[in-house]
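Before any comments, here is the structure.
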Amino acid sequence: MSAGHLPRWVDYGLMPLLNLAAAFLVSGLVVLLIGENPLEAVEILIWGSLGWNEGIGFTLFYATNFIFTGLAVAVAFHASLFNIGGEGQAYVGGLGVAIACLALDRFVPWWVTLPFAVLGAAAAGAAWAFVPAVLQARRGSHVVITTIMFNFIAASLMVYLLVNVMGKEGSMQPETRTFEAGGRLPLLQDVIPGLDFGTAPLNLSLILALLASFAVWALIWRTKLGYEIRTFGASPSAAVYAGISPVRITIITMMISGGLAGMMAINEIMGSQHRLLIEFVSGYGFVGIAVALMGRAHPVGIVFASILFGMLYQGGAELAFEKPSITRDMIVVIQGLVILFAGALEQMFRPALIRMFSFARTPATEAA
Amino acid sequence: MVPAIELRKIDKSFGPVHANKAIDLTVAKGSIHGIVGENGAGKSTLMSILYGFYRADGGDIVVDGKKVEIEDSKAAISHGIGMVHQHFMLVDNFTVLENVILGAEGGSLLGEGVARARAELKRLEQEYELKVDPDAVVGELPVGLQQRVEILKALFRGADILILDEPTGVLTPAEADHLFRILRVLRDEGKTVLLITHKLREIMAVTDTVSVMRQGAMVATCKTSETSMPELAELMVGRRVLLRVDKKPATPGRTALSVRGLTVRDSRGLDVVKNVGFDLREGEIVGIAGVSGNGQSQLMETLAGIRRAVSGTIEIDGYKVDPTTGAVDPAEMRRLGMGHVPEDRHRMGLVTKFYEYENAILGYHRDPAYGKGAMLDLAAIRETANGEIEKYDIRPPNCQLRTASFSGGNQQKIVLAREIERDPKVLLVGQPTRGVDIGAIEFIHRRIVEMRDAGKAILLVSVELDEIRGLADRVLVMFDGALVGERPPETDEGELGLMMAGVNREAAE
Chain A
38 MSAGHLPRWV DYGLMPLLNL AAAFLVSGLV VLLIGENPLE AVEILIWGSL
88 GWNEGIGFTL FYATNFIFTG LAVAVAFHAS LFNIGGEGQA YVGGLGVAIA
138 CLALDRFVPW WVTLPFAVLG AAAAGAAWAF VPAVLQARRG SHVVITTIMF
188 NFIAASLMVY LLVNVMGKEG SMQPETRTFE AGGRLPLLQD VIPGLDFGTA
238 PLNLSLILAL LASFAVWALI WRTKLGYEIR TFGASPSAAV YAGISPVRIT
288 IITMMISGGL AGMMAINEIM GSQHRLLIEF VSGYGFVGIA VALMGRAHPV
338 GIVFASILFG MLYQGGAELA FEKPSITRDM IVVIQGLVIL FAGALEQMFR
388 PALIRMFSFA RTPATEAA
Chain B
1054 MVPAIELRKI DKSFGPVHAN KAIDLTVAKG SIHGIVGENG AGKSTLMSIL
1104 YGFYRADGGD IVVDGKKVEI EDSKAAISHG IGMVHQHFML VDNFTVLENV
1154 ILGAEGGSLL GEGVARARAE LKRLEQEYEL KVDPDAVVGE LPVGLQQRVE
1204 ILKALFRGAD ILILDEPTGV LTPAEADHLF RILRVLRDEG KTVLLITHKL
1254 REIMAVTDTV SVMRQGAMVA TCKTSETSMP ELAELMVGRR VLLRVDKKPA
1304 TPGRTALSVR GLTVRDSRGL DVVKNVGFDL REGEIVGIAG VSGNGQSQLM
1354 ETLAGIRRAV SGTIEIDGYK VDPTTGAVDP AEMRRLGMGH VPEDRHRMGL
1404 VTKFYEYENA ILGYHRDPAY GKGAMLDLAA IRETANGEIE KYDIRPPNCQ
1454 LRTASFSGGN QQKIVLAREI ERDPKVLLVG QPTRGVDIGA IEFIHRRIVE
1504 MRDAGKAILL VSVELDEIRG LADRVLVMFD GALVGERPPE TDEGELGLMM
1554 AGVNREAAE
C-alpha cells in the first residue's frame, strides 16, 4: 500500500497555502453575510499590515511575539509534548525581565541589562514549565492539563505581585514603575539608519527572535540533545532502548520550551511597554500553538506563520477601524478560522493531494 | 463434486501495488487447504477479499457452485464463510457464551438467544471436540482456548468454510497440535478449512492440498503428500534456499557473560524471570528456546539494562554490575560491550520516522566519533551509515531515505549492522528473522555465525525452534520465567517442545 508521501514542496508549501485559502474563503463568506464586500476587506487587511511603514512595523512587532511562543510550542512538539502553558510561561517570563530591568536600568546602559533580562525571562519561563514537567515525567500527570492550570496560577500570582509587591507607590494601577533608558531596548529604526516604522514599537527583539529560531533549528537537527528529543518524541520505547532517560528529556525539553515562551516578554516588556503590567501576554501564548502547527514545528515555517499572524493582528485592527460593521470580534473570528484550517484541520487536504499526485505519477495504467 | 470455493481471476491493486494478480483457486469441499507464501505475497489480501473486507478489482467468487458478491463480512457469513483472525476479535471481560452470541443475539431480549446458544454450544462441543466452559471469562483463558472460542463463534454462525489466518503464531507446540486435531475433526465432519501460514511444517502436518503464492500471484497448487518442504520453500522464494545453517563446531573461549540468580518483577508484581543463571562464553551461540511470553523478553531487556531486576548479578567480561539499581542503564551496558538487537525492531530497535543514517547511531549517538561535544557530525554519521549499507547489502542503498520505506528484512539488517559493527563483546539477539523474507534470513544467520567465529559471545532468543536449533551451539529452554534445562541443538524437537510447554520440569533440577 502506498505510504502516502508527498513531494516536499507540496507538503510544506502547497498544503499550508490551501489551508490558508480555505480559511479566507470561509472568512469571506462571513464578511459577505454581514453585508460587507470581502474583497474590499482583504484589501484593507493587506494594505493595513503591509502597505505602509508603520503597518509593517506593527506586523513585525506582533510577529516577534509569535516567533517566541511558536518556537516554544514547536520544541515541545518534537518530544511529543503538548505545552499549552506558553501563556503562563510568557507571563512569568515578564517577571524575570522586569526584575533585571528594575535592578539595573538606573545604573547601566541597555546592552548591559539585555543579557540579564534574557536570562531572567528564560529562567522564569523555564521555572514555570519545570513543575508540570516534573509532574509529567515522574507522576504521569498530563502536561496538557497541568500547563493549562499553571496559566491560571501565573495570572493570579502576577496580579498579587503587581498589586501588593511590585506596584508603583501611590498608584492604583497594577503595574511597576516605568523603566529608565537602561531598561529599554532601542527601536529597530534607531539602530539601523534609513528605517522608519513610525510609532510602531518594533525593536531589537526581532533580531533576538530570529537568532532564537536559528538556535532552535540547530538544537533540534544538529545536536545530540535534539537527536534525543526527537527520538523520544517519535518512539519513547526506542529512546529507552537507546539509553535516553524519558524523565530527563521530558524535563529538559519542557524547560527549553518554557524558556522560549518566557523570552516573548523581552519584546513586550523591555521593548515596548517599558514596565511590567497585568495581562500583557493577551493570548500570544495560545496563538503560538497555531503558529507552531502551521509552521510544521520548523523554525522557518514558524517565522513565516508568525508574519502571517502578525498581519492578521495588525491588518485586522485596521479593518475594524475602517469598517465599523466589522468589529474587533469579527477579526477574532477570522483568526479563529485560520487556526481551525491551518492548525486543527491541517491534514484535511492531504488524502486528496496524495490521490492527485499518485495519479499524476502512474498515469492510468491500472484501469481494471 | 462441486468445490466449496472457486476463485476466478481475482485481481486487486492498492495504488501502484498489485497485491493479487488474476488469482485462480479451487478449494475442494471437506478438505484442509493450505496457502503459503512470504510476507507480502498477497495471502491476507486474498482472504480479506473472500471475507468481504476488500472488494476485488476484478474476478469472480463462486461458493458452492453459485457465483456470489461478497460486499462485507455479513455477506460472507451468510454464504457460510467464517474467519478466525490472527489477532482475536474477542471481548476480554465477556464470558465465552456472551462472546459467541455477540452480533448474533437473535432479538433484543437476551434470555431466549442465550438458552439457544447454550444448547448449540453443547452440540458443537460434542460434534467437534471443542471443549470450552461457556461461563468462563475469555480474558482469563489461555490463548489456545481463546482461539477455540473464535472457532466456535464462526461455527455458531453456521460457517461451513473456515479461514484461519496464521493460527499457530501464539500457540505452544502442544496447543498447535491440539488445534490441528480439531481441524481434522472439522474436515471429517464435512467442513472446509483454509489455512494461511508461512510455516511449512504446519502445511506438511495438517493440509490435504497446498497452494503457494509469490509476489501477488498463485504459483502452484499441489497435493501435500506429493510435495516436500524444500520444494515448497523454493516455490515461495523462487530459488533454492538453505534451511540449515552452515557452520563449523564452536570453539568456546573464556566466559564473557555470567548471570546469577536473576529475578525480574513486572509492573503487576509478578515474577516474570525467576532465579535465572547461566554462563555465556566467547565464540559460542547460546539459544533460549521458549514459547513467547515465558520471560525471554524480560530477560533480554534486563541484560540490556532496559529493565531493572529485583535480585541477581550480571558479570560482563569480568566486570560485575548490579542490575537492581537504576545506575545500570542501556547506555552503561553498551559501554561495557553489550550489543542488543531487540526483539521488536519497530518498537525499540528503530525510529521508523527517522532517516536511515539517524538510526545507524541510535544508542551510540553520544560517541565522540559522531560529533564533538554537544553537536552531531552529520558527515561522519552518513559515512558510517553508508559503510554499513554497503557491507550488509541494505537496499535501497540510500541512507537519506526514511527508515519506514525499507522492507522488514532490510530494516533488520540496519539494526544488525549497527550493533555488530560497534564490535560488542556480547551480542543479545532477539527474534532476528521475525517478519524477514527468506533471502535476508540466510544473510542474517550467516552474519551471526561469522560473529561467533570471530570470538564473540551471542545470546539468541527466538520463538522459531528451527532457528534456535540451526544457529545455537547450546540450547537453554525457558518456561514460566525459569530456565528448565539445557540441551544440545540436535535434541529431538518433540523433547524440546515438551520442555517448552513445561512438561519436563524435573530437568531443571
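These protein sequence lines are chains A and B, in that order. Using the working numbering, you'd call the opening residue of the first sequence number 38 and step up by one each time. Using the working numbering, you'd call the opening residue of the second sequence number 1054 and step up by one each time. Cβ coordinates follow ideal geometry from the N, Cα and C atoms, glycine included.
**Asked** Closer than 9 Å, Cβ to any Cβ of chain B: which residues of the region 277-295 of chain A, in chain order?
**Response** V277, Y278, A279, G280, I281, S282
**Item:** Amino acids of chain A, ordered along the chain, whose beta-carbon sits closer than 7 Å to that of B:I1359
**Value:** The contacting residues are V277, Y278.
**Asked** How about A:L139 and A:E212: are their beta carbons less than 9 Å apart?
**Response** No. Outside cutoff.
**Asked** Any C-beta of chain B sitting closer than 9 Å to the C-beta of A:G263?
**Response** Yes, A:G263 lies at the interface with chain B (some Cβ there is under 9 Å from its Cβ).
**Prompt:** Of the residues that make up the region 1370-1395 of chain B, which ones have a beta carbon closer than 7 Å to any beta carbon in chain A?
**Reply:** D1382, P1383, A1384, R1387, P1395
**A:T106: contacting residues in chain B (beta-carbon distance under 7 Å)** = Those within 7 Å of A:T106 in chain B number zero; the least Cβ separation is about 25 Å.
**Request:** Compute the Euclidean distance between the alpha carbons of B:V1137 and A:L297, then round it to the nearest angstrom.
**Result:** 53 Å
**Prompt:** Of all Cβ atoms in chain A, is any one closer than 9 Å to the Cβ of B:A1470?
**Reply:** no
**Asked** If we ignore side chains and look at the alpha-carbon of each, how far apart do A:A276 and B:V1468 end up?
**Response** 14 Å
**Request:** Identify the continuous alpha helix (DSSP H) that holds A:F269 and give its terminal residues.
**Result:** Here the alpha helix (DSSP H) through A:F269 covers 261-271.
**Asked** Would A:T364 be called buried (16 or more neighbouring beta carbons within 10 Å of its own) or exposed?
**Response** exposed
**Request:** Determine whether the Cβ of A:A401 lies closer than 9 Å to any Cβ atom of chain B.
**Result:** With a pLDDT of only 40 at A:A401, under the threshold of 50, the placement of this residue in the model should not be trusted; the figure read from the coordinates follows. It does not: the Cβ of A:A401 has no partner Cβ on chain B nearer than 9 Å.
**Request:** Classify B:D1218 as helix, strand or coil using the three-state DSSP reduction.
**Result:** strand
**Message:** Can you check which of these residues, B:Q1179, B:K1184, B:L1150, B:V1185, is closest to B:A1168 by C-alpha distance?
**Reply:** Measuring from the Cα of B:A1168, the nearest candidate turns out to be B:L1150.
**Request:** Report the residue from B:A1535, B:L1524, B:D1533 whose alpha carbon sits nearest the alpha carbon of B:P1541.
**Result:** B:L1524
**Message:** Based on DSSP bridge pairs, tell me the residues matched to B:Y1423.
**Reply:** Answer is none; B:Y1423 lacks a bridge partner.
**Rounded straight-line distance, which links the Cα of A:Q384 to that of A:P53** = Rounded to the nearest angstrom, the gap between the Cα atoms of A:P53 and A:Q384 is 9 Å.
**Asked** Just how far apart, CA to CA, sit B:M1289 and B:M1054?
**Response** Rounded to the nearest whole angstrom, the CA to CA distance from B:M1289 to B:M1054 is 30 Å.
**Request:** Could you check which residue in A:L232, A:L51, A:N56 has the C-alpha nearest to that of A:L382?
**Result:** Nearest to A:L382 by C-alpha distance, out of A:L232, A:L51, A:N56, is A:N56.
**Request:** Taking the CB atoms as reference points, tell me whether B:L1356 and B:H1393 lie closer together than 9 Å.
**Result:** yes
**Request:** Please determine if the region 1093-1113 of chain B and the region 1121-1133 of chain B are in contact, where contact requires at least 3 C-beta pairs separated by less than 8 Å.
**Result:** Short answer: they touch.
**Item:** Inside the region 1442-1530 of chain B only - beta strand (DSSP E) runs reaching at least 3 residues
**Value:** 1479-1483, 1510-1515
**Prompt:** At what residues does the beta strand (DSSP E) containing A:Y128 begin and finish?
**Reply:** Run containing A:Y128: none in the beta strand (DSSP E); it sits in the alpha helix (DSSP H), 123-141.
**Asked** So, helix, strand or coil for A:Y350, using DSSP?
**Response** helix
**Request:** Note down, in chain order, each residue of its chain lying with its Cβ closer than 6 Å to the Cβ of B:D1113, except the 5 sequence neighbours on either side.
**Result:** For B:D1113, where only same-chain residues beyond five positions count, the Cβ hits under 6 Å are R1061, K1120.
**Request:** Could you check how far apart the C-beta atoms of A:N90 and A:G231 are, in whole angstroms? I think they sit under 8 Å.
**Result:** 11 Å between Cβ atoms; not a contact.
**Asked** Can you name the residues that DSSP bridges to B:T1274?
**Response** B:S1264
**Prompt:** To the nearest whole angstrom, what separates the beta carbons of B:L1247 and B:L1224, a pair I think is in contact under 8 Å?
**Reply:** Actually they do not touch by this definition, with Cβ atoms about 18 Å apart.
**CB contact below 9 Å: A:R259 versus chain B** = yes
**Message:** By DSSP's criteria, B:E1368 is part of a beta bridge. Which residues make up the other side?
**Reply:** B:S1311, B:K1373
**Request:** Using beta-carbon positions only, say whether A:S24 and A:T106 come within less than 9 Å of one another.
**Result:** Since the displayed chain A opens at 38 and closes at 405, residue 24 of chain A lies outside it and no answer follows.
**Cβ shell of B:R1293 (< 6 Å), same chain only, five flanking positions each side left out** = Any reading at B:R1293 is ruled out, since the residue's pLDDT is 47, under 50, leaving its predicted position unreliable.
**Request:** Take B:V1115 and list the residues in its own chain whose beta-carbon comes closer than 6 Å to its own, dropping the five residues that flank it on each side.
**Result:** E1059
**Prompt:** Just how far apart, CA to CA, sit A:G322 and A:I121?
**Reply:** 8 Å
**Asked** What first and last residue would you give for the alpha helix (DSSP H) that runs through A:G322?
**Response** Where A:G322 is concerned, the enclosing alpha helix (DSSP H) stretches over 321-331.
**Request:** On a CA-only basis, which of B:D1241, B:A1507, B:I1076, B:I1063 is nearest B:G1306? Give me that one, please.
**Result:** B:A1507
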